[in-house]
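> The sequence shown maps to residues -25 to -1, 1 to 1090 in mature numbering (1 follows the signal peptide of the UniProt record, and there is no 0).
We put the beta carbon where it would ideally sit given N, CA and C, even for glycine.
Note that this is a predicted model, so its numbers are computed, not measured.
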Amino acid sequence: MVGQGRDICVLLVMGLCCLSSYCNAFNLSPLPNRQILDPQFATSLPKVRASYFGFTMSLRPNGIIVGAPRAQSTLESQRTINETGAIYRCSLTSGVCNPYVLDPLGNVDAPYNEYTLDSTRKDFQWLGGSMDGGTKDTDKLLVCAPRLYAPSPQDNHLHGVCYWVNNTLASTPQHVTRISPLRLKTDQVRTDNNDNTQSFFYVMGELGLSAHVADDNSKFLIGAPGIDTWMGSVILYRQVDPVGLPPASRRDTSKALRRTIRDVDSIEYTPEHYSPEVPNPALWNQEEGSYFGYAVSSGFFDSSNPTTLLYVATAPQANKQSGEAYIFDVRGKRIHKYHVFRGEQFGEYFGYSVLAEDLNGDGKPDVIVSAPQHTLENSHDNGAIYVFINKGFFNFERQILRSPVETKARFGTTLSRLGDINHDGYNDVAVGAPFAGNGSVFIYLGSENGLRDQPSQRLNAPSQQASKYGSHMFGHGLSRGSDIDGNGFNDFAIGAPNAEAVYLYRAYPVVKVHATVKSESREIKPEQEKVKITACYMLSTASNAKEVQQQELAIRIVVDKQLKRVKFTQTQTNEMSFKVNAGLGEQCRVFETQVGYSEKDIFTPIDLEMHYELTKKVPDSEEFCETCAVVDPMEPKVSTQKIIFSTGCATNICTADLQLRSKNVSPTYILGSADTLRLNYEITNVGETAYLPQFNVTCTSRLAFAQVPGNCKVADAVMVCDLNHGRPLAKGDTDSLTISFDVSQLSGQSLIIHAEVFSTGYEKNPTDNKQTNVIGLKEFTQIDATGGQMNSQIDLEHYSNSAEIVNNYEIKSNGPSIIEQLTVSFYIPLAYKVAGSTAIIPIINMTSLKMQASYDSQLLGIDLYDQNNTLIVVDPVEVVTMLSEGLERTVVTQNRQSYDIHSSGHVHQTMEVLDTNMVATASMSRKRRDLKALTANREQYARISNVKAHDLLSEDFKGKLPVNRTIVFNCRDPEMTICVRAEMRVHFRPEKSIYLNMRFRVDLNEVNAILMDPWEYFVILTDLNMQKKGDPSSTSFSINRKIEPNIISKHLEAGLPIWIIIVSVIGGLLLLSAISYLLYKMGFFNRAKKDELDRLVQQNPAEPEAENLNSGGNN
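1) How many whole angstroms separate the CB atoms of proline 251 and serine 208, which I take to be in contact at a CB cut-off of 8 Å?
2) Candidates Ile56, Ser777, Ala681 and Ile302: which alpha carbon is nearest asparagine 82's?
3) Just tell me which of Ile1035, Ser155 and Leu117 has its CA closest to the CA of glycine 180.
4) Identify which residue in Glu323, Ala288 and Leu376 has its Cα closest to the Cα of glutamine 296.
5) On the DSSP letters alone, give me the boundaries of the beta strand (DSSP E) that leucine 1054 sits inside.
6) Can you give me the C-alpha to C-alpha distance between isoleucine 39 and tyrosine 480, rounded to a whole angstrom?
7) When the distance is taken between beta carbons, is leucine 196 closer than 8 Å to valine 211?
8) Quick check on arginine 234: does DSSP put it in helix, strand or coil?
9) Could you say if the region 795 to 802 and the region 983 to 991 meet the contact criterion of at least three C-beta pairs nearer than 8 Å?
10) Give me the Cα-Cα distance between residue 1160 and serine 637, rounded to the nearest whole angstrom.
11) In whole angstroms, what separates the C-alpha of tyrosine 313 from that of phenylalanine 303?
12) Leaving aside the five residues before and after valine 672 along the sequence, list all residues of the same chain whose C-beta is less than 6 Å from its C-beta, in chain order.
13) Assuming tyrosine 269 and proline 347 form a contact by the criterion Cβ under 8 Å, report the distance between their Cβ atoms to the nearest whole angstrom.
14) Can you give me the start and stop residues for the beta strand (DSSP E) that lysine 505 sits inside?
15) Three-state secondary structure (DSSP) at valine 71?
16) Is it buried or exposed, leucine 652, if we count other Cβ atoms within 10 angstroms and call 16 or more buried?
17) Identify the residues that DSSP records as bridge partners of glutamate 332: which are they?
18) Taking asparagine 294 as part of the alpha helix (DSSP H), name the residues at either end of that continuous run.
19) Taking 7 Å as the cut-off, is the beta-carbon of threonine 91 closer than that to any non-hydrogen atom of the ligand GTP?
20) On a CA-only basis, which of Thr166, Val178, Leu144 and Asn171 is nearest arginine 158? Give me that one, please.
21) Quick check on glutamine 616: does DSSP put it in helix, strand or coil?
22) How big is the Cα-Cα spacing for asparagine 939 and serine 968?
23) Just list the residues that DSSP pairs alanine 730 with in beta bridges.
24) Can you give the Cα-Cα distance for cysteine -3 and proline 437, rounded to whole angstroms?
25) Taking the alpha carbon of valine 71 as the reference point, which residue from Arg96, Ala46 and Ile11 has its own alpha carbon closest?
26) Can you round the beta-carbon distance between leucine 528 and glycine 558 to whole angstroms, since I take them to be within the 8 Å contact cut?
27) For phenylalanine 553, which of Gly571, Leu589 and Ser518 has the nearest alpha-carbon?
28) For threonine 388, does the count of other Cβ atoms within 10 angstroms reach 16, so buried, or fall short, so exposed?
29) Kindly indicate which residue of Pro340, Ser676 and Glu657 has the alpha-carbon position closest to the one of leucine 698.
30) With a threshold of 16 other CB atoms inside 10 Å of the CB of tryptophan 205, please say whether the residue is buried or exposed.
31) State yes or no: is the C-beta of residue 1143 within less than 8 Å of the C-beta of phenylalanine 733?
32) From the DSSP output, in three-state form, read off glutamate 779 for me.
33) Just reading off the beta strand (DSSP E) that proline 657 is part of, what are its end residues?
34) Using DSSP with H/G/I as helix, E/B as strand and the rest coil, what is residue 1122?
35) Please report how far the alpha carbon of leucine 858 lies from the alpha carbon of leucine 284, in whole angstroms.
36) Going by C-alpha to C-alpha distance, which of Ser788, Asn549 and Thr709 sits closest to glycine 585?
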């Protein structure tokens, strides 16, 4: 009875709250249909603060699993353990909750183990701190306690732990499996051998601060942001083939460890085919203190490999505390990053939450990253979400949705996938703002362009009064969308952990109203007094419920609102209102109207408007209406048409002859050459007067319009324009239009544009009313490829044994088109083949070959292939060199498989042994022997010298390097050289560049042996090739190559010999003397003018001008 009274009070407060607060509803119930409270079971230890019941949850048809990470345990084995946290399974019908026990053990004092820390302490472990799983009871459920710790004599090790079950069909968990891979003693604290510094490796790992279950239930991604001094990492827990498992030395857990897990858990069922992988963040230079793994998700992001699941993790303290998020793959102890997202504000905690979901219905997962401490002007902690729309090939467009409330709401603290709650073809999301008062949750609907700018619905905390623990934090817990009532629309649960409550919101079915109003003819004939108007209506819905498929509509028809020249016969007014029962089939009603007008009114059309809405509204209460439905507020609510007066035609209905033609339309368009495509249309009437002439245009790609003229409207990618400003188009009249399409995102092979003109009357020749333009779409991109050696040129006099060469390259797109799938290949020569033998002459040591590429501020993956097109190494995980049978072998461990580079065969798996002449043999496997044994004989070197390939050099270098003294080491002759191919794949956009740094070491002993007299120069030529998918002849781009080769000279290029200088000086002096003597003989040095002037001076010794000056001016 007391409980019932409490429920009534709660519901009363909820109802009053909704009247005073903003409860804007679309298809989720405006108020919760059920409230589920913390069961408040009796416990041995006192409760001193909120249990955080509702902090995490998983909503499923058979019940809701709720996490309460600060709850006291009800288990006898945990009666003395403080705030273990608890998991509950609650009924959706009664709201009754019962413990859902994943681990019945108390604190564990395990026997000494040489390898692992097996004792555990569960005080304040935060069980239920993270939780994830699908929306069906047959889906896996993953629950974590990130603060579980293991005691040791030296410290408490904050390892964390996770538990998972195969399904939630039973009322209690069955076959619980424990995940705890951070217990190896040797990895708790690691010491750097270089500077003897120590780092906390696993000791503060906090496994389970975030948790994610892939949609196919095959993989778990678990965040551990405390690994390696809070660099952070993730644990990828997935099914593996027991036969292909790596040896114990390469795993996080040994055989003894796996046995210990079973003993501690006391669980008979332990699936042997699941294994954790814990990447080492130091191996990819993760920033210290960045908290990598703070939030996690997954999706199929790679457009070129859409069946490969990739992962998302955030690091909110990276990028100088502006935050980063990454799309990556786990490859053993490393990760390979495909894309990096970055926040824009310092301290906004970009990456607090993350989810991957297809928001625009294109089949590619988009990414949402929250920043709950994003600041707005004159405020802080407002919050924002970054929406990254996936355009394919790791090309994303960013959209920022800032908090719709001005308070310090921390909008974006939680994110959740709702699925397509309104069945419009686009997935929707929920965004929590738990500190907007007692908390709010905003529903954002997906659309063709991503998330809509404004939320469709805001759900406020049901009570505005603070709980006894403070503000409710409503929205700090969000479930996924799940259809729990079978009506075909996903329902939703929201947790208020500081109020210890969960609220269930059911979704109403969405219907679409199709309504039209029209007259029997769009013209009123002279002296016509009556017109029939037809109103048609029907519904469409995804719901299968018959009571939803039949809805009552309220319809109001208004005719000629301004001049009121038309009246309904039935009402004698210009309005008619009525109600109808609409269903899935179209129904129509016809109304007769009376027309009265004067001559001055005939040029003003009559407007028809039909307003419609559902009569049955969703109740503003906690009661759910089983027969109610809602309409998307973005859908139109009015249907319109115009009627004109027909005059001056031979018959009652005018017969116009409209002609449409397009002007100056180019048959081809280069993609990317402009953001706007303009088409000019001219419309001429050569028949009788055309009343209400209209023009419509659309295209096959459903492009958006860059501009909409004032006389035009756009609906469903179709533009309809009133010609001649809505006035009749008389015979001989002409009108013109310019239509602008937004082609900034255009792609494909062709663009087809359909245009049409029409009027209210008949058309004499309908064939010239339509115009179809087919525009061929072409791609063309100009690419500049530049680069060369950055360090000083090498000469054999000043270098011995080997030398490092460092090359930098830039490959820039000058546009205008985007190349969606461009493969950039560098061909690097490594060794010469020895004729008639399997021996080789190695020039470049492949173990020293290091390449790093970036594009658009993102690291770019590089694949390395040999001449047999076999992938050699992709982001190696471990490189181990060992001696075997006198050979120094290098084994690269990658993707849980090991490759012996000497044979290019797999060590641990049976595979075809590849040709021993492959590239890896050339540089990564060499016998320890003296220099004489290493080199080839003189005849073999002479053979190499004969193949000079001087013509392969660019014109600049052909002039610098003499043809008879230069050897070019290149990849053009596979019979002579062994090469590798480095490939990069990129979505190449205009004004973007690929930057590649390549470095390797050259065996100068071999180069010196090759450069026998008269050869002076050894040139290493790195070839570049590009290939676009679907363009084998490469007609869609041109490459301007300015790539310099690497030149090794035999001698230092000193100055000229002294004898040449002396001879040149002497020759110059002799030439000067001869020229001077010749000029003397020609009289060049005779000064005839000077001699003549001297004679004149002698004849006139006193010049008058001088005398005057000396006289002082006296006469």
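Reading from the atomic positions:
1) The Cβ separation is near 11 Å, so there is no contact.
2) Looking at Ile56, Ser777, Ala681 and Ile302, the one whose alpha-carbon comes closest to that of asparagine 82 is Ile56.
3) Ser155
4) Glu323
5) Where leucine 1054 is concerned, there is no enclosing beta strand (DSSP E), although the alpha helix (DSSP H) it sits in stretches over 1033 to 1056.
6) 13 Å
7) The sequence shown places leucine at residue 211, not valine. Yes; because the gap between Cβ atoms is below 8 Å, this pair is in contact.
8) Legend: pLDDT at arginine 234 = 38, less than 50; position of this residue unreliable, value from coordinates given subsequently. Arginine 234: helix per DSSP, three-state reduction.
9) The region 795 to 802 vs the region 983 to 991: no contact.
10) Because residue 1160 is not part of the residues shown, which for the chain are -25 to 1090, the question remains open.
11) Using only the alpha carbons, I get a separation of about 5 Å.
12) Met694, Ile714 and Ala730
13) The C-beta distance from tyrosine 269 to proline 347 rounds to 12 Å, too long to fall under 8 Å, and the pair is not in contact.
14) Here the beta strand (DSSP E) through lysine 505 covers 505 to 516.
15) coil
16) buried
17) Asp341
18) 293 to 296
19) Because no ligand of any kind appears in the structure shown, any question about the ligand GTP cannot be addressed here.
20) Val178
21) strand
22) 38 Å
23) Val672 and Gln746
24) Confidence is the limiting factor: at cysteine -3 the pLDDT is only 43, short of 50, which leaves the residue's position unreliable and the question unanswerable from this model.
25) Ile11
26) No, leucine 528 and glycine 558 are not in contact; Cβ-Cβ is about 10 Å, not under 8 Å.
27) Cα-wise, what sits closest to phenylalanine 553 is Leu589.
28) buried
29) Comparing Cα positions, the closest option is Glu657.
30) buried
31) Lying before the first or after the last residue shown, residue 1143 is absent from the chain, which here runs from -25 to 1090.
32) Residue state, collapsed to three classes: strand.
33) A small fix is needed here, since residue 657 is glutamate in this sequence, not proline. Glutamate 657 -> beta strand (DSSP E) spans 651 to 660.
34) No statement about residue 1122 is possible, as the shown extent of the chain runs from -25 to 1090 and does not include it.
35) Reliability of the predicted coordinates at leucine 858 is poor, the pLDDT of 35 falling under 50, and the value obtained from them is presented with this limitation in mind. So the alpha carbons of these two residues sit roughly 38 Å apart.
36) Glycine is not the amino acid found at residue 585; the sequence shown has methionine there. Nearest option by C-alpha distance: Asn549.
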